[in-house]
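First comes the structure, then the notes that go with it.
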Amino acid sequence: MEIWFWVWVLLAAILLIAEMFTATFFLLPFAVGAAAAALLEYLGADVGWQWIAFIGVSSAMLVLLRRYANRLTHEPPVRTGVDRLLGLPGTVIEAIDPDSATGRVRVEREEWRAESLSGENIPSGTRVTVERVVGTRLIVQPSETDVAAS
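Under our numbering, the sequence shown has 989 at position 83, and the numbering climbs by one with no breaks.
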């Protein structure tokens, strides 16, 4: 075994240890590439082939691990402001009447002016789901559980 074997093994070990401290999935592909080059040196391959293996395996692993790492680290953005109300359940506290443009709902601990998504009357006490927010009004529709109960 030549010195290159120990160079590749040492490089793989250093990169693997550095990856453990950074946990970014960036150094791991290069550690695997260095390990592949060390294996080729052990099998007696020329230094040129070792470099080709290092670059090829590192590149392939980088592409594959980036996809996996992106799924792990990218969370959907947190909805804030009125956008956080979308999809939340609420209760009608003042009947929603499209003709007189009246109606109020309670969502969490807040009261909001409300309109029906379908333009129908929704009686007080009905469970609803927030579909849209238009200005200071919530556009709601009766919840599936409330529709099934009627």
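Beta carbons: idealized from backbone N, C-alpha and C, even for Gly. None of the values given here were measured: they were computed from a predicted structure.
Asked, Found
"Out of PRO1004, PHE936, GLU947 and ASP952, point me to the one whose CA is closest to ALA919's CA.", "PHE936"
"Measuring alpha carbon to alpha carbon, tell me which of GLY939, ALA940 and VAL1034 ends up nearest ALA1001.", "VAL1034"
"Could you pull the DSSP bridge partners for TRP1018 from this structure?", "VAL1011"
"Go through its chain and collect everything with a Cβ distance to VAL1046's Cβ below 7 angstroms, but skip five positions before and after it.", "GLY996, VAL1011, ALA1020, SER1022, LEU1023, VAL1034, THR1035, VAL1036 and GLU1037"
"Would you mind sorting ALA1054 into buried or exposed? The rule is 16 or more other CB atoms within 10 Å of its CB.", "Residue confidence is low: ALA1054 scores 48 on pLDDT, short of 50, so the model does not pin down where it sits. No coordinate-derived value is stated."
"Given a cut-off of 8 angstroms on the beta-carbon distance, is the pair THR1042 and VAL998 in contact?", "no"
"Kindly confirm or deny that the segment 920 to 939 and the segment 955 to 969 touch, where touching means at least three C-beta pairs closer than 8 angstroms.", "yes"
"What residue does the beta strand (DSSP E) around ARG1033 start on, and which one ends it?", "1033 to 1040"
"With H, G and I counted as helix, E and B as strand and the rest as coil, what does DSSP make of LEU992?", "coil"
"Over what stretch of residues does the alpha helix (DSSP H) that includes ARG1046 continue unbroken?", "The residue asked about is misnamed: residue 1046 is Val in this sequence, not Arg. Counting along the chain, VAL1046 falls outside any alpha helix (DSSP H), though it belongs to the beta strand (DSSP E) covering 1043 to 1048."
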